[in-house]
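In mature numbering (1 follows the signal peptide of the UniProt record, and there is no 0), the protein residues as written are -22 to -1, 1 to 145.
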């Protein structure tokens, strides 16, 4: 007997529901792990040891790295696997976060001192953008952009210039 395609899809979805229900304890565990990670983040933030690190970066460095070895080694020794990796990444994360946060701020790029008068009729944001763009293009010929590209991760020329003009 040949059944319509819709019947096969309905049967597949019905069979998929018990499998999804079987995965729900793992989802609950992930939720608890996420809560524990957020508590660690809040504790680090109140202690002042984040060094400008966001929650996403903290979670990747502290919680995800610690969770991966713990889940692979969980059947053997869960207590030892959870404790050891949690301690190791902390110094490396702090050292990596500090140079990335300070690098874009320290620049020797030539920046405009004020918004150009020819953009006075535009909104403040557009006037800053066009002023910065004019200066960026002028700096290209003299190589005075301080090694910055117009837009780059962590803050490019536009980000630095816009912050400078906002003052």
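Cβ atoms here follow ideal geometry from the backbone N, Cα and C, with glycine treated the same way. Bear in mind that the values here come from a model prediction, so they are computed numbers and not experimental data.
**residue 38 versus residue 137 - alpha carbon distance** = So the two alpha carbons sit approximately 25 Å from each other.
**Message:** What does the alpha-carbon distance come out to for the pair residue 21 and residue 33?
**Reply:** Each residue's alpha carbon lies about 12 Å from the other.
**Prompt:** For residue 131, which of helix, strand or coil comes out of DSSP?
**Reply:** Three-state result, residue 131: coil.
**Message:** Assuming contact is defined by CB atoms lying nearer than 8 Å, are residue 143 and residue 109 in contact in what I supplied?
**Reply:** Taking a C-beta distance under 8 Å as the contact criterion, residue 143 and residue 109 qualify as a contact pair.
**Prompt:** Is it right to say residue 65 is buried, meaning 16 or more other beta carbons lie within 10 angstroms of its own, or is it exposed?
**Reply:** Any reading at residue 65 must be qualified, since the residue scores a pLDDT of 48, below 50, and its modelled position is unreliable; the value itself is stated next. Exposed is the label assigned to residue 65, since fewer than 16 other Cβ atoms lie within 10 Å of its Cβ.
**Prompt:** Starting from residue 101 and walking both ways along the alpha helix (DSSP H), at which residues does that stretch end?
**Reply:** Careful: residue 101 lies outside any alpha helix (DSSP H) and carries neither H nor E.
**Item:** Nearest candidate by alpha-carbon position, reference residue 94, set 41, 113, 19, 85
**Value:** That would be 113, whose Cα lies nearest to the Cα of residue 94.
**Item:** Distance, residue 141 Cα to residue 85 Cα
**Value:** Between residue 85 and residue 141, the C-alpha separation is close to 13 Å.
**Request:** Using alpha carbons as the reference points, say which of 35, 15, 92, 88 lies closest to residue 124.
**Result:** Proximity to residue 124 across 35, 15, 92, 88 peaks at 88, based on C-alpha coordinates.
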